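Below is one structure; the comments refer to it alone.
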Ligand SMILES: Nc1nc2c(ncn2[C@@H]2O[C@H](COP(=O)(O)OP(=O)(O)O)[C@@H](O)[C@H]2O)c(=O)[nH]1
Ligand SMILES: [Mg+2]
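Protein chains in written order, with the working numbering: chain A, 479 to 684; chain B, 113 to 212.
Right, here's the structure in full:
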C-alpha cells in the first residue's frame, strides 16, 4: 500500500466534525453525464467542501488476464465527488455525484442499492446520455427524479415533451434547476424526498 | 441500526457506514491505522476516510475490516432504502433539508 506519513494527513476541520451522537447515515446519488453539473450540485448544498473518493478499475481482472507474465494491465481511476448535510444530531445525509456509465457503479458496493433514491441530472444538449442511466435505474428498482440543469445555451423543452423524449412514467417528477444555486438544488432533493414519501405511503418503496 | 461491538460480523462496509475510534492508536498500530484512528475520534464515514487518507474505497474496506476485528474501531451501519417504509426517517430528512 502506497501510504503517506500519518502526520501529514489533514482531517476534517473542527467545525466539520460530526457530533458523537451521529448514529447513522443515509445517502442519495446524483447521476449524470460528464459536465452535467453533478459536482456543482453536491457543492451547492453540502456543509463541507466536497471531497473525492476514488476506486481503481482494472481492465484485465484476475482470471481473465491471458497475458501471462505481462504487466500491461491498464487501470483506470474513477472518482466520485461527495458532500454532506447534517439532518439531526443523530442522522447525516451524504450526496454522491457519480458518472452515468453503469460499469463504474459496481466499483462502490451498494452505491445505489442502499441509497434512498437518485437524482438523474440532465443537460438537454445531450439527452441521449440519460437514456441508459434511466433504464438502468428502472431495472434496479432505484427510485429517482429527473432534474434538468438549465444551462443558458441549452434548448428548452416543455416538461411534457421531455417526459415523452425520455419515455418516463407520469408519476416520475421532472424539475428544472440551476445546480449552482443552493435553494434550487435543495428543491431538487426535496422533490426526491416527496416522491419517496409518496412511494412509502403506497407501500411501493422497496 | 447501530452496529455494536460485533461490527466485524455485521453487514459489509458501505460508503456511508460511520466509523468511530474505540481506542488510542496502540504502539503496534501500522501508520495507516494510526492515521485512521486520529481521523475518527468523532464519527466519520468510510467515504470521508477514503478521501482524507487518499485510499481507494476497496483498500479502505480491507483496512477497516482488520481494525473492526481488532476492536480498534466500531461501525455504525447506514439506514438503507429498504428500511425506510416507516416514513418517519423520510420526514426527518425533509425537515433537515428545509432548514438548509
Ligand atoms: N450555467 C450553468 N452552468 C453550470 C450549472 N451547473 C454546472 N455548471 C457549470 O458546468 C460545468 C460542469 O459542472 P460539474 O459540476 O463539474 O459537472 P460534473 O462533471 O457533472 O460534475 C462547470 O463549469 C459548472 O460551473 C448550471 O446550472 N448553470
Ligand atoms: Mg464532477
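For glycine and all other residues, C-beta sits at the position ideal for the given N, C-alpha and C. Just so we're clear, the structure is a prediction, and the values are computed from it rather than from any experiment.
Distance between beta carbons of residue j and residue i, contact taken as under 8 angstroms
i: residue 595 of chain A; j: residue 519 of chain A; result: Not really, about 15 angstroms apart at Cβ, beyond 8 angstroms.
i: residue 653 of chain A; j: residue 625 of chain A; result: 5 angstroms
i: residue 496 of chain A; j: residue 155 of chain B; result: 5 angstroms
i: residue 508 of chain A; j: residue 599 of chain A; result: 6 angstroms
i: residue 523 of chain A; j: residue 674 of chain A; result: Their Cβ separation, rounded to whole angstroms, is 17 angstroms, which puts residue 523 of chain A and residue 674 of chain A out of contact at 8 angstroms.
Assigned exposure category for residue i - 16 Cβ within 10 Å defines buried
i: residue 186 of chain B; result: buried
i: residue 174 of chain B; result: exposed
i: residue 609 of chain A; result: exposed
i: residue 222 of chain B; result: Not covered by the structure: residue 222 of chain B. The range shown for chain B is 113 to 212.
i: residue 533 of chain A; result: buried
i: residue 210 of chain B; result: exposed
i: residue 491 of chain A; result: exposed
i: residue 555 of chain A; result: exposed
i: residue 613 of chain A; result: exposed
i: residue 682 of chain A; result: exposed
i: residue 194 of chain B; result: exposed
i: residue 157 of chain B; result: buried
i: residue 542 of chain A; result: Note that residue 542 of chain A scores a pLDDT of 41, beneath 50, so its modelled location is shaky and nothing firm can be said.
i: residue 162 of chain B; result: buried
i: residue 144 of chain B; result: buried
i: residue 617 of chain A; result: exposed
i: residue 684 of chain A; result: exposed
i: residue 638 of chain A; result: exposed
i: residue 179 of chain B; result: buried
i: residue 662 of chain A; result: buried
i: residue 183 of chain B; result: exposed
i: residue 679 of chain A; result: exposed
i: residue 698 of chain A; result: This structure cannot settle anything about residue 698 of chain A, because the visible part of chain A is limited to 479 through 684.
i: residue 645 of chain A; result: exposed
i: residue 544 of chain A; result: The predicted position of residue 544 of chain A is uncertain, since its pLDDT is 43 and thus under 50; no value can be drawn from it.
Residue i: CB within 8 angstroms of a non-hydrogen atom of ligand 4
i: residue 152 of chain B; result: Absence of ligand 4 is noted for the structure shown, with ligand 1 and ligand 2 being the only ligands found.
Contacts that residue i makes with chain B (C-beta to C-beta distance below 7 angstroms)
i: residue 523 of chain A; result: 212
i: residue 615 of chain A; result: None at all; the shortest Cβ gap to chain B is about 12 angstroms.
i: residue 671 of chain A; result: 202, 205, 206 and 209
i: residue 593 of chain A; result: 193
i: residue 668 of chain A; result: 206 and 209
i: residue 664 of chain A; result: 209 and 212
i: residue 618 of chain A; result: Ordered by position in chain B, no residue passes the 7 angstroms Cβ test against residue 618 of chain A, which lies about 11 angstroms from the chain.
i: residue 678 of chain A; result: 196, 197, 199 and 202
i: residue 560 of chain A; result: 159
Sequence-distant residues of its chain with Cβ nearer than 6 angstroms to residue i (five each side left out)
i: residue 504 of chain A; result: 571 and 594
i: residue 500 of chain A; result: 570
i: residue 152 of chain B; result: 131, 132 and 133
i: residue 557 of chain A; result: 530 and 532
i: residue 135 of chain B; result: 184
Neighbouring residues, chain A, relative to residue i (Cβ below 7 angstroms)
i: residue 191 of chain B; result: 502 and 504
i: residue 176 of chain B; result: By Cβ distance, chain A contributes nothing, its closest Cβ being about 13 angstroms from residue 176 of chain B, past 7 angstroms.
i: residue 185 of chain B; result: In chain order: nothing, as chain A lies at least about 14 angstroms away.
i: residue 157 of chain B; result: 503 and 572
i: residue 170 of chain B; result: 533
i: residue 140 of chain B; result: Those do not exist, as residue 140 of chain B stays about 14 angstroms from chain A at its closest Cβ, beyond 7 angstroms.
Cutoff 7 angstroms; reference residue i; Cβ partners in own chain excluding five residues on either side
i: residue 539 of chain A; result: Residue placement at residue 539 of chain A cannot be trusted, given a pLDDT of 43 that sits under 50; what the coordinates show is reported in the next sentence. The answer is none, since no qualifying residue turns up.
i: residue 528 of chain A; result: 517, 520, 521, 559, 560 and 561
i: residue 669 of chain A; result: 623, 651 and 653
i: residue 632 of chain A; result: 601, 602 and 603
i: residue 658 of chain A; result: 518 and 522
Chain-ordered neighbours of residue i on chain B, where CB pairs are closer than 9 angstroms
i: residue 512 of chain A; result: None at all; the shortest Cβ gap to chain B is about 21 angstroms.
i: residue 493 of chain A; result: Residues of chain B passing the Cβ test: none, with the nearest at roughly 12 angstroms.
i: residue 599 of chain A; result: Result: empty, since nearest Cβ-Cβ is about 17 angstroms, beyond 9 angstroms.
i: residue 517 of chain A; result: Within chain B, no residue comes near residue 517 of chain A; the closest Cβ sits about 14 angstroms away, beyond 9 angstroms.
9 angstroms Cβ cut-off: residues of chain A touching residue i
i: residue 154 of chain B; result: 490, 495, 496, 497, 498 and 500
i: residue 135 of chain B; result: In chain order: nothing, as chain A lies at least about 15 angstroms away.
Amino acids of chain A, ordered along the chain, whose beta-carbon sits closer than 8 angstroms to that of residue i
i: residue 130 of chain B; result: 496, 500, 501, 502, 503 and 570
i: residue 182 of chain B; result: Under the 8 angstroms cutoff, chain A gives no residues; its nearest Cβ is about 17 angstroms from residue 182 of chain B.
Cross-chain neighbours of residue i in chain B, by beta carbon under 8 angstroms
i: residue 563 of chain A; result: 208, 209 and 212
i: residue 552 of chain A; result: Those within 8 angstroms of residue 552 of chain A in chain B number zero; the least Cβ separation is about 16 angstroms.
i: residue 530 of chain A; result: 163
Contacting residues, own chain, Cβ-Cβ under 8 angstroms from residue i (five flanking each side not counted)
i: residue 648 of chain A; result: 641
i: residue 677 of chain A; result: 621 and 683
i: residue 535 of chain A; result: 553, 554, 555, 556, 581, 582 and 585
i: residue 141 of chain B; result: 149 and 184
i: residue 548 of chain A; result: Bear in mind that a pLDDT of 46 at residue 548 of chain A, under 50, signals an unreliable position, so the number given afterwards is only what the model happens to contain. Answer for residue 548 of chain A: no residue qualifies.
Practice task
Taking only beta carbons into account, state which residues of the stretch 567–586 of chain A come closer than 8 angstroms to chain C, listed in chain order.
Solution key: No chain C is present in this structure, whose protein chains are A and B.
Exercise for the section: Give every residue whose Cβ lies closer than 7 angstroms to any heavy atom of ligand 2, listed in chain order. Expected result: Selection output, chain order preserved: A/516, A/517, A/559 and A/575.
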